[in-house]
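For reference, the structure discussed in these notes is given below.
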Amino acid sequence: MKRNGGRLLVDSLVGLGATKSFGIPGESYLAVLDALHDTVGKLDYVLCRNEGGASFMAAAYGKLTGTPGICFVTRGPGATNASIGVHTAMQDSAPMLLFVGQVGTDMKGREAFQEIDCKAVFGTIAKWAVEIDDVDRIPEILSRAWTQATTGRPGPVVVALPEDMLTSLSEKEPLAGPIEVTEPAPTTKTMSRIRGMLAGAERPLIVIGGCNWRDGSTAAIQTFAEASDIPVAAIFRYQDQFDNNSPVFVGDMGVGMTAKMREMVTNADVILAINNRFGEMSTDGYTLFDVPQPTQNVIHVHGSDLEIGKVYRPVLGVHAGPNVFAEELGALEPVKGDWAAWRAEARAAYEQGFALPDLPLPVDMVKVCAFLRDKLPEDFVLTNGAGNFAVWPGKFFKYGPKARLLGPQSGAMGYGVPAAIAAKVACPERTVICFAGDGDFQMNSTELATALQHDAQPIILLLNNGIYGTIRAHQERNYPERVSCTTMTRNPDFVAFGRAYGLHAERVETTADFAAAFERALASKTGALLELIIAPEALTPLKTLSEMRADALKEKRMKSR
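278 is the number that this note's numbering gives to position 14 of the sequence shown; each next residue is one higher, with no gaps.
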């Protein structure tokens, strides 16, 4: 059967198991849009309002589901707008496929209308970037792209689609399913050595990260850790991958970690690191370990051999998939040692982190989070973009085995709203809450239209303090009393904005008003936007803006003596 390249591509995606895609239409891939006309209910197209929002949705979808999030955009401006989602997916190790319409092959190299070199533009931020140069190769290249996106260290793949490749005819059959790829497994000898190193430790620590876990895999790690009484830490923004209610869970490691967590990592003598890549965010700017040789005995387990020894030299590098390794670890005989107090003290410090003093009014986020912890179902999904507000979903919720956190490792502003929409598209039955600052929200606020059009109903908690909080905090620490370019004096009426898009929206001006407002948001059939009025002084849970400034001025005076 002859079909054009656009239909061959779409039919192959359906064969691979894709059910959702996100995008902005463009004339460069009209043949794909035509093919999608016939796949409603099989492969749906979520029509977005900006390519950046669409690519964020695809990145979040891949992170949440473990299957590639699919995004379609046009060439040039569409592709460059979408690059933020590609970068985010790469740093999150989330599977994603970005399809970019491209000028026809007869136009290439002339700087034609909206022409870009996709392989050059995306080559440094994607796992792989490729351009179709023969319509008959569409199944071959798509199969490789899907496999690349989902194996080893998962990540985004960018596929450029020249217009004539989509309109040309082919007799090739579409793909009927993905390749079955088994994870590399550790040897029995390796597992025995790891057990011996843990048994001989005085202060062992297990660290987990990444988002490509199968259901039940981290439960196997939990079984071994609890039986051995070994503390478990999660990488920054991956704490949802381990049951936080377990007595061995001691918190997350990386940016914003507690003093106790830093002390634990520094003083551990054996660290079993599974599926994390020791990036800047998880090592607090590469300060937790000596480069290149840590003083701790690090066992680094990763599905990609390219991540092992990338920055730090482990005493043992194990090229193994996280799920297979977890199963093998769970089957090991537990180890015993004199570290019960080490684990218990760390767990106690983690629990104490939830007990905070009252924050400056009008709305106290400590109390808001306490209410939500009691109210939300066990399979809730929280999302956030970037800003000081992200500390609330990151530090003040316990993620059980069914709850999820979608927060960008890349620190990308504007991620939270699209991620929440993607989560509702993927799992419409789950309660999805987006935390957003007033600056962060406005990066992709127009995607509220996408939510309404596609019957996705997240609840957005918009924390409005009128400032770009993270940068303001840096200013107060480094340039006290010289505030510049971080105050938003003309924000819109966010409640009117939300209502204009058809959401239930209201302003919460006191802590006491939050519970009833949240109940109304839950009952809404359209999703909801709750604007929470936050004092700029309440910039962090432990230190006010004025206290930051005073500390910085004091330090400045001390240095000038």
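Even for Gly, the Cβ is constructed at its ideal location relative to N, Cα and C. Everything numeric in this text was worked out from a predicted model, so none of it was measured.
Integer Cβ distance of residue i from residue j, believed to fall under 8 Å
| i | j | result |
| --- | --- | --- |
| M752 | G703 | 6 Å |
| G651 | Y679 | Not confirmed; about 11 Å, so no contact. |
| A484 | A590 | 4 Å |
| A787 | I723 | Not confirmed; about 11 Å, so no contact. |
| L596 | F488 | 6 Å |
| L796 | L727 | 5 Å |
| P657 | T774 | 22 Å between Cβ atoms; not a contact. |
| F635 | A409 | Going by Cβ atoms, the distance from F635 to A409 rounds to 44 Å, so no, they are not a contact pair. |
| C312 | G333 | So it is not a contact: roughly 12 Å between Cβ atoms. |
| L300 | C335 | Rounded, the Cβ-Cβ distance is 13 Å, inconsistent with contact. |
| C633 | F653 | About 11 Å; that fails the 8 Å criterion. |
| L669 | Q486 | 17 Å between Cβ atoms; not a contact. |
| P682 | N708 | 5 Å |
| N540 | I472 | 7 Å |
| K436 | D400 | 5 Å |
Cβ-based burial, residue i [other Cβ within 10 Å; buried from 16]
| i | result |
| --- | --- |
| P578 | buried |
| D528 | Checking the sequence shown, residue 528 turns out to be Met, not Asp. It counts as buried. |
| K586 | Note on identity: in this sequence residue 586 is Pro, with Lys being the wrong assignment. By the neighbour-count rule (16 or more Cβ atoms within 10 Å), P586 is buried. |
| P511 | exposed |
| R339 | buried |
| H583 | buried |
| P756 | exposed |
| V689 | buried |
| S292 | buried |
| D397 | exposed |
| E571 | buried |
| D479 | exposed |
| V304 | exposed |
| S748 | exposed |
| P853 | Outside the modelled stretch of the chain, which goes from 265 to 825, sits residue 853, for which no answer is possible. |
| D516 | buried |
| V421 | buried |
Check whether residue i and residue j have beta carbons under 8 Å apart
| i | j | result |
| --- | --- | --- |
| I697 | L716 | no |
| V296 | L439 | no |
| V630 | P805 | yes |
| A663 | V514 | For clarity, residue 663 is Tyr in the given sequence; the question names Ala instead. No, the pair does not count as a contact, with Cβ atoms beyond the cut-off. |
| P450 | G368 | no |
| S285 | D308 | yes |
| L817 | L809 | no |
| I458 | L272 | no |
| D356 | K391 | no |
| G581 | G573 | yes |
| L462 | L552 | no |
| P495 | A684 | no |
| S456 | V599 | no |
| A737 | M812 | yes |
| G419 | P359 | yes |
| V645 | A687 | yes |
| V364 | A343 | yes |
| T750 | I731 | yes |
| K666 | Q721 | no |
Element boundaries [alpha helix (DSSP H), containing residue i]
| i | result |
| --- | --- |
| D428 | 427-431 |
| Q378 | Here Q378 belongs to no alpha helix (DSSP H), and DSSP marks it neither H nor E. |
| I402 | 402-414 |
| V632 | 629-639 |
| I458 | 452-463 |
| R754 | Per DSSP, R754 belongs to no alpha helix (DSSP H) and is neither H nor E. |
| E527 | 523-531 |
| E811 | 809-824 |
| S759 | As written in the sequence, residue 759 is Val, which differs from the Ser given in the question. It spans 758-764 - the alpha helix (DSSP H) in which V759 sits, taken as one unbroken run. |
| I735 | 733-742 |
| E783 | 778-787 |
Opening and closing residue of the beta strand (DSSP E) in which residue i lies
| i | result |
| --- | --- |
| F396 | Reading the sequence as shown, one finds Ile at residue 396 and not Phe. Here I396 belongs to no beta strand (DSSP E), and DSSP marks it neither H nor E. |
| Q366 | 360-366 |
| F513 | 513-517 |
| T561 | Looking at the sequence shown, residue 561 is not Thr but Asn. It spans 561-566 - the beta strand (DSSP E) in which N561 sits, taken as one unbroken run. |
| R478 | Note, R478: premise wrong, no beta strand (DSSP E); not H, not E. |
| V496 | 496-499 |
| V534 | 534-538 |
| E795 | 792-797 |
| L727 | 723-728 |
| E770 | 768-772 |
Min CB distance residue i to chain D below 8 Å
| i | result |
| --- | --- |
| A318 | Of the chains in the structure shown, none is chain D; there is only one protein chain. |
Unbroken stretches of the beta strand (DSSP E), 3 residues or longer, contained in the stretch 268-352: 284-287, 308-311, 333-337
Complete alpha helix (DSSP H) runs within the stretch 569-623 (minimum length 4 residues, chain order): 586-595, 604-616
Complete alpha helix (DSSP H) runs within the stretch 641-720 (minimum length 4 residues, chain order): 655-659, 680-690, 702-705, 712-717
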